[in-house]
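K.L.:
Numbering (our numbering), first residue to last: 17 to 755. Quick reminder that beta carbons are idealized off the backbone N, C-alpha and C, glycines included. Everything numeric in this text was worked out from a predicted model, so none of it was measured.
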Amino acid sequence: MAILGKVFTIFLLLLVTFAAIIHITYYHVLTVEGYYTVTITAEKPLENVVLELPVTEDNKPIYKIKEMTCIVRSNGYVREVKPEVMDTIDGYPKTISIPISGEGKFNIVGKYVLEEEKLIDYSKHPWTLTIDSEKYEVPVYIERDITAQVIYVVKENSPVLIPSLGILTGLFGGLSLLSLLKGVLFQPKPPILAEKPKKKCPKWCNVCVNFFKIEQGSQTGKQLPKPYIDKLMKLLLNVNETWKKCCIKFIPCIDSKGNIVAKYVNPDSDITYATAGGKIIIGRYKIDFKIVRKLKLKDLFKDPNSTRLEVSESKVNAPYKEKLEATWKEDTEYKRVKYKAGDKIPNEIVDEIVKKGLEIIDKKLKKKGLSESEKQRLLKLKKLYEYLSKIIKEENIVKRGKVPVIDALKGIEKLKNTHLSKCINVFIVKEYEDVAKKGEEGGCGEFPGRITIIEEKVVKENIPNLLAHEFGHNLNLGHVPPDPQKPNLMETPIKGNNLTKKQCKKAFENCMKDKRKHFSEKTCHEGLKYLRKLELFREIEKLKKENKEIDKQVKKLRKSKEEVDKQIEDLKEQIKSEEEMLKKEKALLKKVSSTAKRAKRYKDIIRTKKGRRKRYAEKSLDRMESRLEKDIERLKGKLEKAIKRNREKEVKELEKKIGEKEALLEAVRDPEATLKKYSEKVKALEEEIGKLKEKLKEYESKAPELKNKIDNKIKELRNKLNNNKNRINKLEKEIKELR
Numbered sequence: 017m018a019i020l021g022k023v024f025t026i027f028l029l030l031l032v033t034f035a036a037i038i039h040i041t042y043y044h045v046l047t048v049e050g051y052y053t054v055t056i057t058a059e060k061p062l063e064n065v066v067l068e069l070p071v072t073e074d075n076k077p078i079y080k081i082k083e084m085t086c087i088v089r090s091n092g093y094v095r096e097v098k099p100e101v102m103d104t105i106d107g108y109p110k111t112i113s114i115p116i117s118g119e120g121k122f123n124i125v126g127k128y129v130l131e132e133e134k135l136i137d138y139s140k141h142p143w144t145l146t147i148d149s150e151k152y153e154v155p156v157y158i159e160r161d162i163t164a165q166v167i168y169v170v171k172e173n174s175p176v177l178i179p180s181l182g183i184l185t186g187l188f189g190g191l192s193l194l195s196l197l198k199g200v201l202f203q204p205k206p207p208i209l210a211e212k213p214k215k216k217c218p219k220w221c222n223v224c225v226n227f228f229k230i231e232q233g234s235q236t237g238k239q240l241p242k243p244y245i246d247k248l249m250k251l252l253l254n255v256n257e258t259w260k261k262c263c264i265k266f267i268p269c270i271d272s273k274g275n276i277v278a279k280y281v282n283p284d285s286d287i288t289y290a291t292a293g294g295k296i297i298i299g300r301y302k303i304d305f306k307i308v309r310k311l312k313l314k315d316l317f318k319d320p321n322s323t324r325l326e327v328s329e330s331k332v333n334a335p336y337k338e339k340l341e342a343t344w345k346e347d348t349e350y351k352r353v354k355y356k357a358g359d360k361i362p363n364e365i366v367d368e369i370v371k372k373g374l375e376i377i378d379k380k381l382k383k384k385g386l387s388e389s390e391k392q393r394l395l396k397l398k399k400l401y402e403y404l405s406k407i408i409k410e411e412n413i414v415k416r417g418k419v420p421v422i423d424a425l426k427g428i429e430k431l432k433n434t435h436l437s438k439c440i441n442v443f444i445v446k447e448y449e450d451v452a453k454k455g456e457e458g459g460c461g462e463f464p465g466r467i468t469i470i471e472e473k474v475v476k477e478n479i480p481n482l483l484a485h486e487f488g489h490n491l492n493l494g495h496v497p498p499d500p501q502k503p504n505l506m507e508t509p510i511k512g513n514n515l516t517k518k519q520c521k522k523a524f525e526n527c528m529k530d531k532r533k534h535f536s537e538k539t540c541h542e543g544l545k546y547l548r549k550l551e552l553f554r555e556i557e558k559l560k561k562e563n564k565e566i567d568k569q570v571k572k573l574r575k576s577k578e579e580v581d582k583q584i585e586d587l588k589e590q591i592k593s594e595e596e597m598l599k600k601e602k603a604l605l606k607k608v609s610s611t612a613k614r615a616k617r618y619k620d621i622i623r624t625k626k627g628r629r630k631r632y633a634e635k636s637l638d639r640m641e642s643r644l645e646k647d648i649e650r651l652k653g654k655l656e657k658a659i660k661r662n663r664e665k666e667v668k669e670l671e672k673k674i675g676e677k678e679a680l681l682e683a684v685r686d687p688e689a690t691l692k693k694y695s696e697k698v699k700a701l702e703e704e705i706g707k708l709k710e711k712l713k714e715y716e717s718k719a720p721e722l723k724n725k726i727d728n729k730i731k732e733l734r735n736k737l738n739n740n741k742n743r744i745n746k747l748e749k750e751i752k753e754l755r
């Protein structure tokens, strides 16, 4: 029964967990808070301030904002404005207008609440603030607590969790029911240990790469300049980023002097390559032969400067000389002269033997009773011997015909000691075009093989996909149909860098079978070390760049935190200033009220009374108005003198007194209207101060939370910064160990 209770408890726990995951996956919509901050300076009055939110490639919203606030500080004033949604996508804001105007410096800070279905790195998707056609980048910050992170993990793994938990829940539910009915529990089987996850690349295929730049005026075999080699290595690193998914790595070849094989080739270099070969067996004479062509590298180019390599189906119409090279297959004696196997045979001796062979064939063909198959064999052999005889006769004649460029490049005589047979050899030309293949420009690769040709722009402009594509041909990958959803590296023209598992398997098998990795141990280790150093330096550079960005973010956050305090202080100063103004306006209102009451009393007497009292009131009212007018004229005279003497303090005092006198004069002339005007002014100031105090209270209540979030973000960024620094130290240590 104790076992039954445990099984039933596990079943209940699984059932609750299963239900919770179902709810989180299909019904729970997660919301998170974020904030943004930006500072701008407007030299002319603002007319149009718009926030543009980024979208995905398929025009879907990245920021699914539900609520948004905005606080603007400018010219010593802080106010909250309501953002206005101008345009939406799927019901979420895309374009937001911020209703601010005026000129000067504006600090814009705001918060927003958005819905999230999956974890997104929003730092890669900043907002754009457009002000009168000027654009500013607005960094945004998102705060997620531990609960949100757990929910993200559950949602991302729900395709595995839900079926697994469903099966386990059903299993334990069935066990509980079965145990309850039978009263017997099955003994649990010992747990099966989970298999260790396989490494992504348990084995690498390393491919050695040479670089040769064909350039007029250069010296064949001379090392390319270091800046150019640096560009080649940067290109190679980017190529490896594409091919690492296939566990294939392209490594720069290192020569015996420790230099990368990246050399010049002069177009005036000689080329010798074989077009055919075979055996000659005539009587007791056994000969190995091959037909070779000789030409100049420059003859492959379309222009005299050897800059444009224009081919048709990888061939060029070029001049060449053709000759026969023959060796004895075994020890032989000819005309009393003894030869050893492998000795070269002069062409005149080969010609004599071939002619004897032709005579023998002619005699056999004249015999009667020959079978058709034997006749065809003899005719074929006769044709070969006649062709060989012709080659010997025309040895010094210049011919012109189609020359396979890739075969010719293998035959550059001065490069035969540079691992040509052990590495992929990249030849760089100024311009390349195959007029028969309009869709493929910029290079070609032997399919399969060890020769690749690329234009110089691939190196200068760093176009890794093109070189990676040609390496794909070298590794026996052909072109594939276009895939708009996921462009493949082997499409033409090249639009992406994706490779399928099938392509990777085929390329890897070709790489291992062809034994491209089996170059000399010295070359292999030095090349791997050099490549590893490049990878380490690149990672360090990337981390340092990331650290600079983190420093910038931390500075912005600190500034944002300071802005929060400054906004509160500015608001307090504004309230203090408004209160001082209110005090002055109240004092003025008191004087205006007293004068207005007197003036009103006199006006009432003039309107309702007659005789002496009316005349007295009229004279008193005139005296009040006359006295104030004289006071104003006197003060204006003093003001003119003070202005001429540049007495700023005295000018301000006089202007204040003139303003008071004018208000009193206004009260004498129209008591009721003036009293109403200044009473409303005092009331408006009191209401404004009340609003400012409410806003101050709100800011002071929100400030700790906002500052705490900023501190947490700074802490998170600092942790990342420290992790990057530790990583850099480890990488630098590894570099030292490689030296």
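(1) If you reduce the DSSP assignment to three classes, tell me which class Phe317 lands in.
(2) Alpha carbon to alpha carbon, how far is Lys171 from Val200? Give it in angstroms, no decimals.
(3) When you compare the region 678-689 with the region 610-619, are there three or more beta-carbon pairs, one atom per stretch, that lie closer than 8 angstroms?
(4) Assign Lys741 to buried or exposed, taking buried as 16 or more other Cβ atoms, counted over all protein chains shown, within 10 Å of its Cβ.
(5) For His534, which of helix, strand or coil comes out of DSSP?
(6) Which first and last residues belong to the beta strand (DSSP E) in which Glu106 is found?
(7) Distance, Cα to Cα, Lys746 vs Asn738?
(8) Counting along the chain, where does the alpha helix (DSSP H) carrying Pro480 start and finish?
(9) Take Thr144 and list the residues in its own chain whose beta-carbon comes closer than 6 angstroms to its own, dropping the five residues that flank it on each side.
(10) For Pro503, collect the residues of the same chain with a Cβ closer than 7 angstroms to its Cβ; drop the 5 residues on either side in sequence, then sort them by chain order.
(11) What does DSSP give as the partner residues of Tyr448 in its beta bridges?
(12) List in chain order: all unbroken beta strand (DSSP E) runs of 3+ residues lying wholly within the region 573-659.
(13) In the DSSP assignment, the beta strand (DSSP E) including Glu159 goes from what residue to what residue?
(14) Cys460 to Val223, Cα distance in whole Å?
(15) Could you compute how far the alpha carbon of Glu634 sits from the alpha carbon of Gly675?
(16) How about Lys261 and Cys520: do their beta carbons lie closer than 8 angstroms?
(17) What's the gap between the Cα of Leu644 and the Cα of Tyr618?
(18) Just to confirm, are Leu397 and Leu381 a CB contact at a threshold of 8 angstroms?
(19) Looking at Ile428 and Leu313, is the spacing between their C-beta atoms short of 8 angstroms?
(20) Since Phe317 contacts Pro283 with CB under 8 angstroms, what's their CB separation in whole angstroms?
(21) Looking at the structure shown, is Cys262 part of a helix, part of a strand, or coil, going by DSSP?
(22) Can you give the Cα-Cα distance for Gly358 and Tyr301, rounded to whole angstroms?
(23) Please determine, among Lys657, Lys660, Lys607, the residue with the shortest C-alpha to C-alpha distance to Val684.
(24) So for Glu688, helix, strand or coil by DSSP?
(25) Using the Cβ count rule (16 or more neighbours within 10 Å means buried), how would you classify Val414?
(26) What is the C-beta distance between Asn478 and Lys250, in whole angstroms, given that I count them as a contact (C-beta under 8 angstroms)?
(27) Suppose you measure from the CA of Asp647 to the CA of Val65; what does that come to, to the nearest Å?
(28) With DSSP collapsed to three states, give me the class of Ile440.
(29) Just to check my reading of the structure: Val421 and Val332 have Cβ atoms closer than 8 angstroms, yes? What is that Cβ distance to the nearest angstrom?
(30) Looking at Cys86: is its Cβ nearer than 8 angstroms to the Cβ of Phe524?
(31) Can you list, in chain order, the residues of its chain whose CB lies under 6 angstroms from that of Tyr138, leaving out five sequence neighbours each side?
(32) Based on DSSP bridge pairs, tell me the residues matched to Gly459.
(33) Below 8 angstroms, how does it come out for the region 702-722 and the region 577-595: are there three or more Cβ pairs, yes or no?
(34) With respect to the alpha helix (DSSP H) encompassing Ile369, which residues constitute its N-terminal and C-terminal limits?
(35) Measure how close the beta-carbons of Pro109 and Val101 come, nearest whole angstrom, since I'm counting them as under 8 angstroms.
(36) Out of Val451, Val366, Thr291, point me to the one whose CA is closest to Arg324's CA.
P.N.:
Checking against the coordinates, here is how it stands:
(1) Locating residue 317 in the sequence shown gives position 301, where the first residue counts as 1. Coil at Phe317, not helix or strand.
(2) By 1-based counting over the sequence shown, the position of residue 200 is 184. By 1-based counting over the sequence shown, the position of residue 171 is 155. Confidence at Val200 is low in this model, with a pLDDT of 41, below 50, so the placement of that residue should be treated as unreliable; the coordinate-derived value is given next. Taking the straight line joining both Cα atoms gives about 38 angstroms.
(3) Three or more beta-carbon pairs drawn from the region 678-689 and the region 610-619 are found closer than 8 angstroms, and the two stretches are therefore classed as touching.
(4) Looking up residue 741 in the sequence shown gives position 725. Counting C-beta atoms within 10 angstroms of its own C-beta, Lys741 has fewer than 16 neighbours from the protein chains shown and is therefore classed as exposed.
(5) Taking the first residue of the sequence shown as 1, we reach residue 534 at position 518. Residue placement at His534 is poorly supported in this model, since its pLDDT is 47, which falls under 50; the coordinates still yield a value, given next. His534 falls in the coil class under three-state DSSP.
(6) Indexing the sequence shown from 1 puts residue 106 at position 90. Correcting the residue identity first, residue 106 is Asp in this sequence and not Glu. That residue, Asp106, is in no beta strand (DSSP E); it is neither H nor E in DSSP.
(7) As a first step, residue 746 is located in the sequence shown; it is residue number 730 there, counting from the start. As a first step, residue 738 is located in the sequence shown; it is residue number 722 there, counting from the start. Whole-angstrom Cα-Cα distance: 12 angstroms.
(8) Working through the sequence shown from its first residue, we reach residue 480 at position 464. DSSP places Pro480 inside the alpha helix (DSSP H), whose first and last residues are 480-490.
(9) Taking the first residue of the sequence shown as position 1, residue 144 is located at position 128. The beta carbon of Thr144 is closer than 6 angstroms to those of Glu68, Lys151 in its chain, skipping five residues each way along the sequence.
(10) The count along the sequence shown starts at 1 and reaches residue 503 at position 487. Lys511, Gly512, Asn514, listed in sequence order.
(11) By 1-based counting over the sequence shown, the position of residue 448 is 432. According to the DSSP secondary-structure assignment, Tyr448 is paired through a beta bridge with Leu325.
(12) You should have found no qualifying run.
(13) Position 143 of the sequence shown, counted from the first residue, corresponds to residue 159. Looking at the DSSP string, the run of the beta strand (DSSP E) that includes Glu159 is 156-159.
(14) The residue you call residue 460 lines up with position 444 of the sequence shown. The residue you call residue 223 lines up with position 207 of the sequence shown. Straight-line Cα distance between these residues: approximately 18 angstroms.
(15) The residue given as residue 634 occupies position 618 in the sequence shown. The residue given as residue 675 occupies position 659 in the sequence shown. Whole-angstrom Cα-Cα distance: 25 angstroms.
(16) Looking up residue 261 in the sequence shown gives position 245. Looking up residue 520 in the sequence shown gives position 504. Cβ distance < 8 angstroms, so Lys261 and Cys520 count as in contact.
(17) Along the sequence shown, read from residue 1 onward, the residue named residue 644 stands at position 628. Along the sequence shown, read from residue 1 onward, the residue named residue 618 stands at position 602. Here the alpha carbons of Tyr618 and Leu644 stand approximately 16 angstroms from one another.
(18) Taking the sequence shown and counting its residues from 1, the one referred to as residue 397 is at position 381. Taking the sequence shown and counting its residues from 1, the one referred to as residue 381 is at position 365. Taking a C-beta distance under 8 angstroms as the contact criterion, Leu397 and Leu381 do not qualify as a contact pair.
(19) On the sequence shown, residue 313 is found 297 positions in, with the first residue counted as 1. On the sequence shown, residue 428 is found 412 positions in, with the first residue counted as 1. Cβ atoms of Leu313 and Ile428: closer than 8 angstroms.
(20) As a position in the sequence shown, residue 317 is number 301, starting the count at 1. As a position in the sequence shown, residue 283 is number 267, starting the count at 1. Confirmed, about 7 angstroms.
(21) Here residue 262 corresponds to residue number 246 of the sequence shown, with the count starting at 1. In the structure shown, Cys262 falls within a helical segment according to DSSP collapsed to helix, strand and coil.
(22) Counted from its first residue, the sequence shown places residue 358 at position 342. Counted from its first residue, the sequence shown places residue 301 at position 285. So the alpha carbons of these two residues sit roughly 13 angstroms apart.
(23) Position 668 of the sequence shown, counted from the first residue, corresponds to residue 684. Cα-wise, what sits closest to Val684 is Lys607.
(24) On the sequence shown, residue 688 is found 672 positions in, with the first residue counted as 1. Of the three classes helix, strand and coil, the one that applies to Glu688 here is helix, per DSSP.
(25) Against the sequence shown, residue 414 aligns to sequence position 398. Around the beta carbon of Val414, fewer than 16 other beta carbons lie within 10 angstroms, which makes this residue exposed.
(26) As a first step, residue 478 is located in the sequence shown; it is residue number 462 there, counting from the start. As a first step, residue 250 is located in the sequence shown; it is residue number 234 there, counting from the start. Indeed they touch by this definition, with Cβ atoms about 6 angstroms apart.
(27) Stepping through the sequence shown from its first residue, residue 647 is reached at position 631. Stepping through the sequence shown from its first residue, residue 65 is reached at position 49. In a straight line, the C-alpha of Asp647 is about 50 angstroms away from that of Val65.
(28) Sequence index remark: in the sequence shown, residue 440 carries index 424 (1-based). In the structure shown, Ile440 sits in a strand (DSSP, three-state: E or B).
(29) The count along the sequence shown starts at 1 and reaches residue 421 at position 405. The count along the sequence shown starts at 1 and reaches residue 332 at position 316. Confirmed, Cβ separation roughly 6 angstroms.
(30) On the sequence shown, position 70 is the one that residue 86 refers to. On the sequence shown, position 508 is the one that residue 524 refers to. No. Outside cutoff.
(31) On the sequence shown, position 122 is the one that residue 138 refers to. Excluding positions up to five away in sequence, the list reads Val156, Ile158.
(32) The residue you call residue 459 lines up with position 443 of the sequence shown. BP columns for Gly459 point to Ile470.
(33) Using a C-beta cut-off of 8 angstroms, the region 702-722 makes contact with the region 577-595, since at least three inter-stretch Cβ pairs fall below that distance.
(34) Within the sequence shown, the letter at position 353 stands for residue 369. Per DSSP, Ile369 belongs to the alpha helix (DSSP H) from 363-382.
(35) Working through the sequence shown from its first residue, we reach residue 109 at position 93. Working through the sequence shown from its first residue, we reach residue 101 at position 85. About 5 angstroms separates the beta carbons of Pro109 and Val101, which is inside the 8 angstroms limit, making them a contact pair.
(36) Numbered from its first residue, the sequence shown carries residue 324 at position 308. Among Val451, Val366, Thr291, the Cα nearest to that of Arg324 belongs to Val451.
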